[in-house]
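In my numbering, the protein residues as written are 2 to 250.
Shown next, in structure tokens, is the structure this report addresses.
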């Protein structure tokens, strides 16, 4: 039984860490360090970057890592790309654990766009109240649309001024329920939701709430990442560890 590095930051990463701890499998969970108080985990954790591909290779070698499970957010392109390269150089097994993307249902008012910049361009000229559910790292792309009022829900309170002139910031940690997000959108009189297609159950309440309220959604499609083995559930990841990674398949 080898030692696994879990690249975390997602609901699935937390669930996988719990499953591995329960199974007695050695693991380290790595956080990118973008939130001030990450959730406590049942396995050892580390926080911060590795220093590029070379730094990650060094970490894998120095910590006797035999498998890497990339359970980062589906939009964490740089980390996922580095994981592919580092695993190849270090000669360790690599698996990506990411949920299936959300799909529009009949009656949904989705406009699918390729990236953050395209989402900003897709906004109407007339002022709207927008639930901008994309985190805090890409807000500057929407500075070109200052006529809108943006609702932001963040894990940590911003430490620097936001690049958007009209905002309401709510500091809360999910997951959230459908009822909570319906109430949120009604209270703030939301006209439109902008979201990344993260997929899975942990962040989908806002999508279900928009569907319930018949609100339009600008859905940002996932970026392309180099070919790798991908599963969508914790049980599949555990099966891979036991029946493939441990056996060197």
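Heads up, the beta-carbon is just placed ideally off N, CA and C, and yes, glycines get one too.
Keep in mind that this is a model prediction, so the values were computed, not measured.
Going by DSSP in three states, residue i sits in which element: helix, strand or coil?
i           : result
residue 103 : coil
residue 238 : helix
residue 74  : coil
residue 161 : coil
residue 51  : coil
residue 114 : strand
residue 184 : helix
residue 177 : coil
residue 93  : coil
residue 44  : coil
residue 145 : coil
residue 138 : coil
residue 68  : strand
residue 8   : strand
residue 248 : coil
Can you give me the start and stop residues for the alpha helix (DSSP H) that residue i sits inside?
i           : result
residue 123 : Careful: residue 123 lies outside any alpha helix (DSSP H) and carries neither H nor E.
residue 19  : 12–24
residue 208 : 206–214
Only counting the same chain, and skipping five residues up and downstream in sequence, which positions put a Cβ closer than 7 Å to that of residue i?
i           : result
residue 142 : 117, 118 and 121
residue 85  : 95, 227 and 229
residue 197 : 76, 135 and 221
Buried or exposed: where does residue i fall if 16 or more other Cβ atoms within 10 Å of its Cβ makes it buried?
i           : result
residue 205 : buried
residue 144 : exposed
residue 73  : buried
residue 146 : buried
residue 188 : exposed
residue 65  : exposed
residue 251 : With the chain covering 2 to 250 only, the question about residue 251 has no answer from this structure.
residue 11  : buried
Find the nearest neighbour of residue i within the set the options, judged by alpha-carbon distance.
i           : options              : result
residue 183 : 110, 170 and 209     : 209
residue 75  : 21, 32, 200 and 196  : 200
residue 169 : 178, 177, 51 and 191 : 191
residue 179 : 207, 203 and 152     : 207
residue 171 : 56, 27 and 185       : 185
residue 241 : 79, 11, 10 and 21    : 21
Could you pull out every residue in the same chain whose Cβ sits closer than 6 Å to the Cβ of residue i, ignoring the five residues on either side in sequence?
i           : result
residue 139 : 117
residue 45  : 29
residue 94  : 68 and 246
residue 110 : 217
Which stretch, first to last residue, makes up the beta strand (DSSP E) that contains residue i?
i           : result
residue 2   : No beta strand (DSSP E) holds residue 2; DSSP gives it neither H nor E.
residue 154 : 150–155
residue 130 : 130–134
residue 31  : 28–32
residue 196 : 193–197
residue 226 : Unbroken run through residue 226: none, as it is neither H nor E.
residue 243 : Counting along the chain, residue 243 falls outside any beta strand (DSSP E), and DSSP gives it neither H nor E.
Could you check whether the Cβ of residue i sits closer than 8 Å to any heavy atom belonging to the ligand COA?
i          : result
residue 50 : Inclusion of the ligand COA in the displayed structure is not the case, the ligand content being empty and no account of it being possible.
Among residues of its own chain, excluding the 5 on either side of residue i, which ones have a beta-carbon nearer than 8 Å to its beta-carbon?
i           : result
residue 112 : 123, 217, 218, 219 and 220
residue 61  : 6, 69, 87, 88, 91 and 93
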